[in-house]
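Line order of the protein sequences matches chains A and B.
Sequence positions in the first sequence follow this note's numbering and run 7 to 211.
Sequence positions in the second sequence follow this note's numbering and run 47 to 782.
Accompanying notes for the structure given below.
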Amino acid sequence: MHKVKVLVVDDDKAVRDSLGALLEVSGFSVDSYDSGQEFLTHRDLWDVGCVLLDVNMPDVSGLEIQQELTKKSGAPPIIIITGFGDIPMAVKAIRAGAFDFVEKPFVDKTILDSINRAIDQNRHPKSAESSTAEATQNLKNLTKREREVLSYLVEGLQNKVIAYQLGISPRTVEIHRARVMSKMQAKSLSHLVRMALAAGIAPIS
Amino acid sequence: MNILFLISVCIRAFALIWAICFHLRIEYWQVTWICGADEERFRPRPKSPMLRLLGLFLVFSIAALVSVPGGRAQTRSDVGSLTAASSNNFPPVNLLDSEGRLTGFGRELSTAVIKATGGEVSYIHSSRWTEVLDMLAEGKADFIHDTGYTPERTATLDFSEPILTMPERIFVLKDRFDIASLDSLRGQKVACVNQHITHLYLQKIPRIDCVVFATPPEGLKALVDGGVDAFIYPRQIVLYYAQKTHVTGRIKTIGDPVRTLTWHMAVKKGNHDVLVRLNNGIAKVKASGEYHRIYDKWFGKIAIEGHIHKEIAVTIGIVLALGATAVGGFVIWNWTLRRTVRRATGELADSERRFHRAFESSPTGSIVIDDSGIIEIFNEEAERIFGYSAADIVGKNVKLLMPEPDRSQHDSAMQEFLDTGEAKVIGVEQEVSGLRKSGETFPLALGVAECGYGDHRKFIGTIRDLTERKALEERAEKSRMEAVRTQELYLRELQADLHKFSRLSDMGQFSASLTHELSQPLTAILNYLQACRKIMGGTESNTSVKVDGLIEKAVDQAKRTAKILHGLKDMVHDGEPSRAIEDVNTGVEEATTLGLTGLVRRDLSVEFNFAKKKVPVLINKVQIQQVVQNLVRNAAEAVADSKTRHLKVRTAYDREGMVRISVSDTGPGLTDEMRGRLFQPFVTTKRGGIGVGLAISQTIVEAHGGKIWAEPNEQGGTTFHFTLPASIRDEVTLDA
Ligand SMILES: Nc1ncnc2c1ncn2[C@@H]1O[C@H](COP(=O)(O)OP(=O)(O)OP(=O)(O)O)[C@@H](O)[C@H]1O
Ligand SMILES: [Mg+2]
Numbered sequence: 007m008h009k010v011k012v013l014v015v016d017d018d019k020a021v022r023d024s025l026g027a028l029l030e031v032s033g034f035s036v037d038s039y040d041s042g043q044e045f046l047t048h049r050d051l052w053d054v055g056c057v058l059l060d061v062n063m064p065d066v067s068g069l070e071i072q073q074e075l076t077k078k079s080g081a082p083p084i085i086i087i088t089g090f091g092d093i094p095m096a097v098k099a100i101r102a103g104a105f106d107f108v109e110k111p112f113v114d115k116t117i118l119d120s121i122n123r124a125i126d127q128n129r130h131p132k133s134a135e136s137s138t139a140e141a142t143q144n145l146k147n148l149t150k151r152e153r154e155v156l157s158y159l160v161e162g163l164q165n166k167v168i169a170y171q172l173g174i175s176p177r178t179v180e181i182h183r184a185r186v187m188s189k190m191q192a193k194s195l196s197h198l199v200r201m202a203l204a205a206g207i208a209p210i211s
Numbered sequence: 047m048n049i050l051f052l053i054s055v056c057i058r059a060f061a062l063i064w065a066i067c068f069h070l071r072i073e074y075w076q077v078t079w080i081c082g083a084d085e086e087r088f089r090p091r092p093k094s095p096m097l098r099l100l101g102l103f104l105v106f107s108i109a110a111l112v113s114v115p116g117g118r119a120q121t122r123s124d125v126g127s128l129t130a131a132s133s134n135n136f137p138p139v140n141l142l143d144s145e146g147r148l149t150g151f152g153r154e155l156s157t158a159v160i161k162a163t164g165g166e167v168s169y170i171h172s173s174r175w176t177e178v179l180d181m182l183a184e185g186k187a188d189f190i191h192d193t194g195y196t197p198e199r200t201a202t203l204d205f206s207e208p209i210l211t212m213p214e215r216i217f218v219l220k221d222r223f224d225i226a227s228l229d230s231l232r233g234q235k236v237a238c239v240n241q242h243i244t245h246l247y248l249q250k251i252p253r254i255d256c257v258v259f260a261t262p263p264e265g266l267k268a269l270v271d272g273g274v275d276a277f278i279y280p281r282q283i284v285l286y287y288a289q290k291t292h293v294t295g296r297i298k299t300i301g302d303p304v305r306t307l308t309w310h311m312a313v314k315k316g317n318h319d320v321l322v323r324l325n326n327g328i329a330k331v332k333a334s335g336e337y338h339r340i341y342d343k344w345f346g347k348i349a350i351e352g353h354i355h356k357e358i359a360v361t362i363g364i365v366l367a368l369g370a371t372a373v374g375g376f377v378i379w380n381w382t383l384r385r386t387v388r389r390a391t392g393e394l395a396d397s398e399r400r401f402h403r404a405f406e407s408s409p410t411g412s413i414v415i416d417d418s419g420i421i422e423i424f425n426e427e428a429e430r431i432f433g434y435s436a437a438d439i440v441g442k443n444v445k446l447l448m449p450e451p452d453r454s455q456h457d458s459a460m461q462e463f464l465d466t467g468e469a470k471v472i473g474v475e476q477e478v479s480g481l482r483k484s485g486e487t488f489p490l491a492l493g494v495a496e497c498g499y500g501d502h503r504k505f506i507g508t509i510r511d512l513t514e515r516k517a518l519e520e521r522a523e524k525s526r527m528e529a530v531r532t533q534e535l536y537l538r539e540l541q542a543d544l545h546k547f548s549r550l551s552d553m554g555q556f557s558a559s560l561t562h563e564l565s566q567p568l569t570a571i572l573n574y575l576q577a578c579r580k581i582m583g584g585t586e587s588n589t590s591v592k593v594d595g596l597i598e599k600a601v602d603q604a605k606r607t608a609k610i611l612h613g614l615k616d617m618v619h620d621g622e623p624s625r626a627i628e629d630v631n632t633g634v635e636e637a638t639t640l641g642l643t644g645l646v647r648r649d650l651s652v653e654f655n656f657a658k659k660k661v662p663v664l665i666n667k668v669q670i671q672q673v674v675q676n677l678v679r680n681a682a683e684a685v686a687d688s689k690t691r692h693l694k695v696r697t698a699y700d701r702e703g704m705v706r707i708s709v710s711d712t713g714p715g716l717t718d719e720m721r722g723r724l725f726q727p728f729v730t731t732k733r734g735g736i737g738v739g740l741a742i743s744q745t746i747v748e749a750h751g752g753k754i755w756a757e758p759n760e761q762g763g764t765t766f767h768f769t770l771p772a773s774i775r776d777e778v779t780l781d782a
């Protein structure tokens, strides 16, 4: 059977190698690159199902590569791998058009799900209008406070910080956040951010 | 919390891999047994759809033919009690319980089978097989509830559907690798049970040396004791005894089954009615799941551990243990750090409060400004002198308190000081003019001191109103001395605290990079293990990736984590490290030797140049020795590829009464890029280096109130210096 090709760009050899092994035994074929530069100059993208990109690399940052990539036509979906707790960076990546982000260290289900969704979405794109309409509809169900929390989330702020900004307790922020997720029918934070942006919620700043 | 989650994932991965292995094996057996056929048949073979249809058709037609007489038979003989005969020394199929009653798989199954056809069974049994056959022949029993199938026996018996399959397996000790099949048993000693069907069969194979035992446990014991090379016997029976005698871990099966024997119930030849009834019952018991239950009860727990699986388990165990240690270490480290920060923050707040109180009650006017001239603190005396209230003036520029021309020159003077570090006002008391709120200009004596650290530069101004000088002279002179002293004290305290604070914010940075550094190998370990799980779960068979290789890599990554943590252990200090007065010279000499042990290139020369006198210093000896070791080791590593390999280690008093320890090398020197980042954690240019040596050294030296820095040598190479406050000032400066 034809295997879907997945590219891995990460400067850490062990992470690259292990991710390659995991994806290979999961039925993908894998090409890996140890730097953004090498990847950008040497790779055609026509046969690629999706790209896993570490944001935290020395020469060209993941975000820059992402920008380069999305300029090319027919670019595959990009999944950003962020360091532990680097949510602001992740949100920035989503805003710049990444499909999803995954925090290191991750379990296989998380990353495989994300890859499969990315590939699926790429093959059968849901029309932009219909998803935007859905998001806009869901947005109407939010209370004022929930909208506020959402716009901070879109900015990539952590619960603690949002709590400080709004002058409420972090626990309350968590509750609002859970409500926002369920009302927006978001599967993950990255999904939420994408929907919010589609529906025209701008980050606060 | 995320780390807990991680651990639980590791554990779950572990459990899952095991559950899968275990489950697969059990299932494999059950299916083999229930199919009642050889192990080969169990493996699905592709069949063409046509063949399958044909097969189905055949089955249906036969069923239709058979069902007519079968149906009648049922009404005739599916009621009433039967008597079963069996042997009683073939566990776990047939055996006697502690009270001498027949029990075992055979009895339980036949009870269920007859019950399913609406009747009951009574049992007669004997330890001798020939007697069992007689019981049937003489009509004392209606059927034998289990017997192995041999062609010879069909002369006198009719066999039912199979109720068990037993592969005859070759058992050897676990560490035997030279025996792979029946062929390789030539000339080897093989244990057999006297006159058992396996024995009868093996006798016919030339050049197998049968050693005959009376019972299976004796054969097994001979194998375990090394008296024979192999033991061939029905597998389940051997495993049953092996488990009883706790030797399952020492034996293994090899090669293909010699034969696969089937076990059946049997009736006297021609007793069609009972045979049909038995077959009906067997079919029902298999269909209802009762068969599984009975099978599991008597055979389900028998397991022989696969060789390779055990090793994998051990390896994964080690990996997980290392991983868990790593995570645990990090959690503890994190916790200690947090505690330290909390306490330091508390102390800081405390000393700030004390500082404020001292300021407020000071009889001298005191003002604190930041480095852009903004007033931060304005005490009561200052309020009195200038006529502003603190609330009015705090947050405004200090220029407000000056008349022209000082006012417009102040900004540039301050800037000049910040740029050049040259000050006209700092340190000495000067007479200048001040401007009161009322607009009145007056003479005042101003002393300025700098305090703070790094980005937190602050200036404290003390002000005496000279218009009141005479009136105050006497009182002031006395109290001023005192005030200055207390202020000096608090100032120093504040400075130390600010210093501590700024180090702690470095620690925040440090903590972030540590998290990153640890999450890399953890990610890799998880990936590798999960890949293993997938391979072993068999979801993807056509892969060239090998479990062994992956596990090895996972172990490497776990070691990487362990190494990082090991390097950090020394930074994890809580509370006051114990310090004592030590002689630096001895300490340094010992540490140098320690630092040079275990090096790859040891052909280098070391020159000591020590201060003449003993140099007593209040230190934590272990920590300071660690600093010396780090420097010496770096120096030795630096000269590894140089033509001359020479180190100089010196101790001396410097001009400020500090003790200075220096390590020079003849290495390649520092690149511009490295110079600025030497003391940052995790910055390294070495393969296999972690880049924490100098970071740790800096922490230690500064905690002792000293400094550490590097400078290039004139003849090439690098010198690292660090200083420690001497506990007794020596007037003699030994070295510049
Ligand atoms: N004497 C020296 N000469 C030249 N370069 C040096 C010297 N000492 C340190 N360095 C540079 O500074 C870097 C950091 O040193 P540091 O001791 O902190 O870490 P490391 O030696 O690389 O690793 P480790 O944590 O195992 O000690 C080194 O990698 C090296 O590039
Ligand atoms: Mg070092």
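Ideal Cβ placement from N, Cα and C applies to all residues, glycine included.
{"Check": "Chain-ordered neighbours of A20/A on chain B, where CB pairs are closer than 7 Å", "Outcome": "Q566, P567, A570, Q603"}
{"Check": "Cβ of A27/A within 8 Å of any chain B Cβ", "Outcome": "yes"}
{"Check": "Test: E573/B CB closer than 8 Å to a CB of chain A", "Outcome": "The question names Glu, but residue 573/B in the sequence shown is Asn. Yes, N573/B counts as interfacial toward chain A."}
{"Check": "Three-way DSSP call (helix, strand, coil) for E757/B in this model", "Outcome": "strand"}
{"Check": "At least 3 beta-carbon pairs within less than 8 Å: the segment 505-513 of chain B vs the segment 477-489 of chain B", "Outcome": "yes"}
{"Check": "P280/B in three-state terms, based on DSSP", "Outcome": "strand"}
{"Check": "Contacting positions in the segment 96-118 of chain A - beta carbon closer than 8 Å to chain B", "Outcome": "K110, P111, F112, V113, D114"}
{"Check": "Residues that S206/B bridges to, as DSSP identifies them", "Outcome": "In DSSP, S206/B forms no bridge with anything."}
{"Check": "Any 3 or more C-beta pairs closer than 8 Å across the segment 180-200 of chain B and the segment 297-304 of chain B", "Outcome": "no"}
{"Check": "Check: T731/B C-beta below 7 Å from any heavy atom of ligand 1", "Outcome": "yes"}
{"Check": "Residue-level contact to chain B via CB, G89/A, 8 Å cutoff", "Outcome": "yes"}
{"Check": "Residue closest to T712/B, alpha-carbon to alpha-carbon, out of T643/B, G763/B, R385/B, M448/B", "Outcome": "G763/B"}
{"Check": "Proximity winner among L156/A, Y39/A, V57/A, F34/A, relative to I181/A (alpha-carbon distances)", "Outcome": "L156/A"}
{"Check": "C-alpha gap between I209/B and P131/A, whole angstroms", "Outcome": "57 Å"}
{"Check": "Closer than 7 Å: D711/B CB and nearest ligand 1 heavy atom", "Outcome": "yes"}
{"Check": "Buried or exposed (CB count within 10 angstroms, at least 16 for buried), E450/B", "Outcome": "exposed"}
{"Check": "Minimum Cβ-Cβ distance from H562/B to chain A less than 8 Å", "Outcome": "yes"}
{"Check": "Residue interval of the alpha helix (DSSP H) (run including D221/B)", "Outcome": "Careful: D221/B lies outside any alpha helix (DSSP H) and carries neither H nor E."}
{"Check": "Cross-chain neighbours of D37/A in chain B, by beta carbon under 8 Å", "Outcome": "Per Cβ cutoff of 8 Å: no residues; D37/A is ~16 Å from chain B at best."}
{"Check": "Opposing strand residues paired with V738/B [DSSP bridges]", "Outcome": "Its beta-bridge partners do not exist; DSSP assigns none."}
{"Check": "Where the beta strand (DSSP E) through S172/B begins and ends", "Outcome": "167-172"}
{"Check": "Short-range partners of chain B found in the segment 36-60 of chain A, where Cβ spacing is below 8 Å", "Outcome": "none"}
{"Check": "Length of the line joining the Cα atoms of G480/B and M448/B", "Outcome": "5 Å"}
{"Check": "Inter-residue CB distance, F725/B and A741/B (contact presumed, cutoff 8 Å)", "Outcome": "6 Å"}
{"Check": "8 Å Cβ cutoff, L596/B in contact with chain A", "Outcome": "yes"}
{"Check": "Any non-hydrogen atom of ligand 1 closer than 7 Å to V738/B Cβ", "Outcome": "yes"}
{"Check": "Rounded straight-line distance, which links the Cα of P94/A to that of T382/B", "Outcome": "27 Å"}
{"Check": "Collapsed DSSP secondary structure at D60/A in the structure displayed", "Outcome": "strand"}
{"Check": "Stretch-stretch touch, CB-based, cutoff 8 Å, three pairs: the segment 733-747 of chain B with the segment 628-646 of chain B", "Outcome": "no"}
{"Check": "Minimum Cβ-Cβ distance from S24/A to chain B less than 8 Å", "Outcome": "yes"}
{"Check": "Below-8 Å beta-carbon distance, A130/B vs any chain A residue", "Outcome": "no"}
{"Check": "Segment contact, 8 Å Cβ cut-off, at least three pairs: the segment 125-135 of chain B with the segment 162-169 of chain B", "Outcome": "yes"}
{"Check": "Contacts that V155/A makes with chain B (C-beta to C-beta distance below 7 Å)", "Outcome": "Here the premise fails: no neighbours, minimum Cβ distance about 22 Å."}
{"Check": "Proximity test, Cβ basis, 8 Å: S32/A and chain B", "Outcome": "yes"}
{"Check": "Stretch-stretch touch, CB-based, cutoff 8 Å, three pairs: the segment 654-671 of chain B with the segment 623-640 of chain B", "Outcome": "yes"}
{"Check": "Cβ neighbour criterion (16 or more within 10 Å) applied to W52/A", "Outcome": "exposed"}
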